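A.B. asks: Okay, here's the structure, questions in a sec.
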Amino acid sequence: MDSSKPKEKNIPTTTTTKVNTPNMGMEQICTNPCCFFCIMKEPDSSLRRAGIANFFKEMPLRDDQEHVLALSGLWNIAMTQPDDPVFPSLGIFSCMASLIYKGINNRDWLISDQNIYIPYYAAHVIGSYTMNKVEFAEKAVQSGVIPPLMELLRGKISWVEQRVAVRALGHLASYERTFEAVAVYEEEVVKLSMQLASTCLDVVYVNFVGLKDKKKRLKYHSDLLTRGVGGLEMENRKAEEWASQLQCWSLYLLNCFACKERSVNLICKQDFLMDLCYMWGGLVNHNSPAGVGLIRILCYNKTGRKNIAESKEVIENLCNLSRSSDDWQYMGIDCLLLLLKDPDTRYKVIETATLFLIDLVELSSLLDRPNLGEAITRALLLDHKQTELKFKNKKVLKALEETWELKVERKKRERLMSEEKVEERRVLVSLIKQEAKHMFWLGEVEEAVMKYAEALEVCPLRLKKERMVLYSNRAQCHLLLRDPDAAIRDSTRALCLSTPANSHCKSLWRRSQAYDMKSLAKESLMDCIMFINGCIRSETTKRVKIPYCAARMISKHMDSTWLFANVRSKILSSRVNTVQESFGAHKSDNDEQQYDEMMRMIMEKKKLISGLSTISEEPAVLVGGGSKRGLERARRKKPFVARSM
């Protein structure tokens with residue numbers, strides 16, 4: 003027996019708590035021997051520890067209206083002091099597990115008083131204490147927290163409890179010493195996590211965000227989301243944040259299995275892989291790589307690479323990500339490189355990947371990845387001659403030949419070029435550039451494109467700034483010629499040459515417009531946000547002027563990239579179909595008016611703009627915060643982007 007453990011007879015039977023009571027003019031005395039807050043005020047540490055341990059033992063056995071307050075206090079302590087060993091050593095995990103079971107198995111108890119909050123707080127406390135310390139995770143597993151967490155994961159209460167359950171299970175699965183305890187339920191955990199990741203946004207929208215009448219929402223959900231502060235708008239913002247976290251934490255749990263090459267065949271179902279492409283966390287959960295993070299983990303596995311290479315949609319999404327200013331751009335590049343280096347998948351993806359990656363071969367570095375352009379070049383030109391024999395796609399072969407010429411042959415020729423020769427070339431490039439700009443302002447845009455191409459052929463590779471400007475200006479020409487693909491290629495090449503990468507504001511704006519022309523809303527939004535951030539950084543005055551066209555582009559894409567945009571669109575479409583069926587069956591003048599009115603309302607709803615959400619539990623960094631013009635209009639009036647050439 004541990005001699006340091008206090009005996010139960012030392013636990014105080016009553017505790018006095020001083021409370022200000024202006025109406026009565028006297029102090030109230032707390033006579034509850036198991037009051038958690040009174041126990042925490044005990045000055046004697048040994049008595050306090052004994053009281054806490056006894057409280058954790060007795061709490062699941064007693065019905066007390068103050069349990070919710072105690073759980074709320076424990077949650078706050080666990081959130082702010084997750085590494086403090088006091089509560090984990092005194093039995094908090096067994097207590098929380100018992101309370102979750104009680105809420106699941108005793109519905110009458112759950113819906114009485116404020117007990118509906120208890121399973122949520124209990125699971126959250128488990129997740130917070132197992133977040134950083136493997137010792138705490140081991141103690142939690144030994145205390146039997148996994149079975150009740152699994153019950154919550156199965157959806158025994160609601161999505162709110164699923165969110166904190168998947169968070170806690172993800173922490174337990176992330177440690178070597180506790181992974182196998184979670185893996186006892188491996189197939190079920192993986193299937194449930196996949197289902198949650200794919201459907202949670204629909205569930206949260208249908209059951210909460212989409213309910214405009216606040217009375218139809220579960221009150222305890224609203225209370226948990228806002229802590230009693232804020233109205234409908236605050237609830238919607240927090241619900242968006244929580245839905246994104248539920249999705250990202252489900253993917254994190256899947257990552258724990260994929261990293262150990264467990265259940266890879268199950269995770270690599272084609273439908274789920276396609277779902278992963280559209281899980282990006284929006285602008286809410288910027289710290290999580292979401293779907294692409296799991297795709298990259300799968301690309302380190304042979305089975306994963308095989309399944310990913312067979313999905314054209316996944317490859318196209320990875321390619322678009324590799325040419326974006328998204329924080330996870332490097333993950334898209336990593337995935338494509340892993341697929342290109344594997345002989346079994348190389349020739350399944352090379353035709354698509356080449357046309358995107360060739361624009362990145364002059365990328366010097368990205369974040370902490372030096373010489374990334376060289377790595378891309380090596381992957382593309384691997385068995386270069388064999389590639390020529392295997393493929394008849396002239397576009398791909400031409401792209402590979404251009405890459406060979408740019409990165410191998412031309413590099414050799416310019417290696418011994420003297421400084422005098424480089425300076426001569428610089429002057430020549432400047433003259434050709436002036437000719438190109440003159441043609442552009444005369445409206446001879448096709449001729450200007452040819453002149454910029456001539457200048458790029460003459461300009462030495464070491465003159466990166468000059469090449470960046472040439473590519474960017476040619477991208478503007480392609481925009482006016484309504485060729486978004488060419489504009490994206492040239493603006494991407496310009497951004498690769500900028501220092502640091504993706505920092506040239508004009509190229510960001512031009513690529514944002516090009517992506518908008520191709521209806522790639524997410525990519526357009528990211529470039530536009532980066533462009534606005536660049537404008538803010540470059541302003542020397544206190545009053546920052548954001549171009550109206552950029553603000554309008556942000557507003558447009560904030561709606562279409564909203565976390566719940568897809569489910570909202572599906573619901574609106576189903577309503578339209580219902581109205582159309584009804585209209586077809588019973589056509590009258592009155593019905594036609596009602597149909598037109600409903601269509602008008604639906605179109606108005608589609609124009610709603612969602613704001614940026616805030617995150618309190620996982621702090622977020624809020625970022626700051628185009629019209630299409632034809633060639634004829636460009637000749638009459640200088641557009642915003644052209645003016646800065």
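For what it's worth, our numbering labels the leading residue of the sequence shown as 3, then goes sequentially. For each residue, glycine too, the CB sits at the ideal point set by N, CA and C. Predicted model, so just to flag it, every value in this text is computed and none were measured.
Are at least three pairs of beta-carbons, each pair with one atom in the region 438 to 447 and one in the region 471 to 484, less than 8 Å apart?
C.D. replies: Touching, per the Cβ criterion.
A.B. asks: What does the Cβ neighbour count give for V429, buried or exposed, with the cut at 16 atoms within 10 Å?
C.D. replies: In the sequence shown, residue 429 corresponds to position 427, counting from 1. Exposed: under 16 other Cβ atoms inside 10 Å.
A.B. asks: Mind the definition here: the region 324 to 334 touches the region 357 to 376 only if three or more C-beta pairs lie below 8 Å; say whether that holds.
C.D. replies: With a cut-off of 8 Å, the region 357 to 376 and the region 324 to 334 count as touching, because enough Cβ pairs lie within range.
A.B. asks: What did DSSP end up calling S160 once you bin it into helix, strand or coil?
C.D. replies: Here residue 160 refers to the residue found at position 158 of the sequence shown. If DSSP states are grouped into helix, strand and coil, S160 belongs with coil.
A.B. asks: Here's the rule I'm using: 16 or more other beta-carbon atoms within 10 Å means buried, otherwise exposed. How should Y517 be labelled?
C.D. replies: Here residue 517 corresponds to residue number 515 of the sequence shown, with the count starting at 1. Under this definition Y517 is a buried residue.
A.B. asks: Considering only the alpha carbon of each residue, which of E242, R179, V184, G295 lies closest to V162?
C.D. replies: Here residue 162 is taken as the residue at index 160 of the sequence shown, counted from 1. When each option's Cα is compared against that of V162, the closest is E242.
A.B. asks: Quickly, what does DSSP pair R371 with across the bridge? List them, please.
C.D. replies: As a first step, residue 371 is located in the sequence shown; it is residue number 369 there, counting from the start. Bridge partners of R371: L368.
A.B. asks: Mind listing, in chain order, the continuous alpha helix (DSSP H) runs of no fewer than 4 residues lying wholly within the region 125 to 181?
C.D. replies: Fully enclosed alpha helix (DSSP H) runs of 4 or longer: 136 to 144, 148 to 155, 161 to 175.
A.B. asks: Is D492 buried or exposed, if buried means 16 or more other CB atoms sit within 10 Å of its CB?
C.D. replies: Mapped onto the sequence shown, residue 492 falls at position 490. It is buried - the Cβ of D492 has at least 16 other Cβ atoms within 10 Å.
A.B. asks: Taking contact to mean at least 3 C-beta pairs separated by less than 8 Å, is the region 141 to 156 in contact with the region 108 to 120?
C.D. replies: These segments do not touch.
A.B. asks: Give me the Cα-Cα distance between D225 and S367, rounded to the nearest whole angstrom.
C.D. replies: As a working mapping, residue 225 is identified with position 223 in the sequence shown. As a working mapping, residue 367 is identified with position 365 in the sequence shown. Looking at the two C-alpha atoms, the distance is approximately 46 Å.
A.B. asks: Answer yes or no: do Y177 and A139 have a C-beta to C-beta separation smaller than 9 Å?
C.D. replies: For this step, residue 177 is matched to residue 175 along the sequence shown. For this step, residue 139 is matched to residue 137 along the sequence shown. A contact, by the Cβ cut-off of 9 Å.
A.B. asks: So is N287 buried or exposed if we call it buried at 16+ other beta carbons inside 10 Å?
C.D. replies: Here the question's residue 287 lines up with position 285 in the sequence shown. Under this definition N287 is a buried residue.
A.B. asks: My output table needs one value for W330: the three-state DSSP class, helix, strand or coil.
C.D. replies: As a working note, residue 330 is residue 328 in the sequence shown. Coil at W330, not helix or strand.
A.B. asks: Mind checking Q67: buried by the 16 CB within 10 Å criterion, or exposed?
C.D. replies: Indexing the sequence shown from 1 puts residue 67 at position 65. Its Cβ having fewer than 16 others within 10 Å, Q67 is exposed.
A.B. asks: Buried or exposed: which applies to E422, given that a residue is buried once 16 or more other Cβ atoms fall within 10 Å of its Cβ?
C.D. replies: Residue 422 sits at position 420 when you count from the first residue of the sequence shown. By the neighbour-count rule (16 or more Cβ atoms within 10 Å), E422 is not buried but exposed.
A.B. asks: At what residue ranges does the region 520 to 552 contain a whole run of the alpha helix (DSSP H), taking only runs of 4 or more?
C.D. replies: DSSP runs (the alpha helix (DSSP H)) wholly in the region 520 to 552: 523 to 540.
A.B. asks: Buried or exposed, going by whether 16 or more other CB atoms sit within 10 Å of the CB of H223?
C.D. replies: The residue labelled residue 223 in the question sits at position 221 within the sequence shown. Per the 10 Å Cβ criterion, buried.
A.B. asks: What's the gap between the Cα of F210 and the Cα of S195?
C.D. replies: On the sequence shown, residue 210 is found 208 positions in, with the first residue counted as 1. On the sequence shown, residue 195 is found 193 positions in, with the first residue counted as 1. Rounded to whole angstroms, F210 to S195 spans 21 Å at the Cα level.
A.B. asks: When the Cα atoms are used, what is the spatial distance from L256 to V166?
C.D. replies: For the purposes of this step, residue 256 is taken as the residue at position 254 of the sequence shown. For the purposes of this step, residue 166 is taken as the residue at position 164 of the sequence shown. So the two alpha carbons sit approximately 15 Å from each other.
A.B. asks: If you follow the alpha helix (DSSP H) that L402 is in, where does it begin and where does it stop?
C.D. replies: Taking the sequence shown and counting its residues from 1, the one referred to as residue 402 is at position 400. Residues 396 to 406.
A.B. asks: Between T354 and I317, what straight-line distance do the alpha-carbon atoms span, to the nearest angstrom?
C.D. replies: In the sequence shown, residue 354 corresponds to position 352, counting from 1. In the sequence shown, residue 317 corresponds to position 315, counting from 1. Cα to Cα, T354 sits roughly 8 Å from I317.
A.B. asks: Residues in the same chain with beta-carbon distance under 6 Å from C530, minus the five sequence neighbours each way, listed in chain order, please.
C.D. replies: Locating residue 530 in the sequence shown gives position 528, where the first residue counts as 1. So the qualifying residues of the chain are S514, A552, M555, I556.
A.B. asks: Please go through the same chain and pick out, in chain order, the residues whose beta-carbon is closer than 6 Å to the beta-carbon of T347, but skip the five residues on each side of it.
C.D. replies: Taking the sequence shown and counting its residues from 1, one reaches residue 347 at position 345. Cβ within range, chain order: R307, A311, L341.
A.B. asks: With a threshold of 16 other CB atoms inside 10 Å of the CB of V451, please say whether the residue is buried or exposed.
C.D. replies: Position 449 of the sequence shown, counted from the first residue, corresponds to residue 451. Buried, since its Cβ has 16 or more Cβ neighbours within 10 Å.
A.B. asks: Let me make sure I understand the geometry here. Which of R464, I94, C337, I297 has the alpha-carbon closest to that of R427?
C.D. replies: Within the sequence shown, numbered from 1, the residue matching residue 427 stands at position 425. Minimum Cα distance to R427 is reached at R464.
A.B. asks: Please confirm if the region 143 to 152 is in contact with the region 177 to 194, defined as three or more CB-CB distances below 8 Å between the two stretches.
C.D. replies: Touching, per the Cβ criterion.
A.B. asks: Please report how far the alpha carbon of K394 lies from the alpha carbon of A401, in whole angstroms.
C.D. replies: Locating residue 394 in the sequence shown gives position 392, counting from the first residue. Locating residue 401 in the sequence shown gives position 399, counting from the first residue. If I take the Cα positions, the gap works out to 13 Å.
A.B. asks: Flag E426 as yes when its Cβ comes closer than 8 Å to any non-hydrogen atom of the ligand HEM, and as no otherwise.
C.D. replies: As for the ligand HEM, it is missing from this structure, which has no ligand bound.
A.B. asks: How about H126 and M81: do their beta carbons lie closer than 9 Å?
C.D. replies: Residue mapping note: residue 126 aligns to position 124 of the sequence shown, counting from 1. Residue mapping note: residue 81 aligns to position 79 of the sequence shown, counting from 1. Cβ atoms of H126 and M81: closer than 9 Å.
A.B. asks: Can you give me the Cβ contacts of K608 inside the same chain, cut-off strictly under 6 Å, excluding the 5 residues immediately before and after it?
C.D. replies: The sequence position of residue 608 within the sequence shown is 606, counting from 1. Note that K608 has pLDDT 40, beneath the 50 cutoff, so the model's placement of it is unreliable and no number is given.
A.B. asks: For Y1 versus L369, is the C-beta distance shorter than 9 Å?
C.D. replies: Within the shown structure, residues of the chain are numbered from 3 to 647, placing residue 1 beyond reach of any answer.
A.B. asks: Write down every uninterrupted run of the alpha helix (DSSP H) in the region 420 to 450 whose length is 4 residues or greater and which is fully enclosed by it, in chain order.
C.D. replies: Listed in chain order, they are 421 to 443.
A.B. asks: Select from S500, S96, L76, C37 the residue whose C-alpha is nearest the C-alpha of K59.
C.D. replies: On the sequence shown, residue 59 is found 57 positions in, with the first residue counted as 1. Answer by Cα proximity: S96.
A.B. asks: With a CB to CB cut of under 7 Å and the five nearest residues on each side skipped, what residues in its chain are close to L112?
C.D. replies: Your numbering for residue 112 matches position 110 in the sequence shown. Taken in chain order, the residues that qualify are G105, I118.
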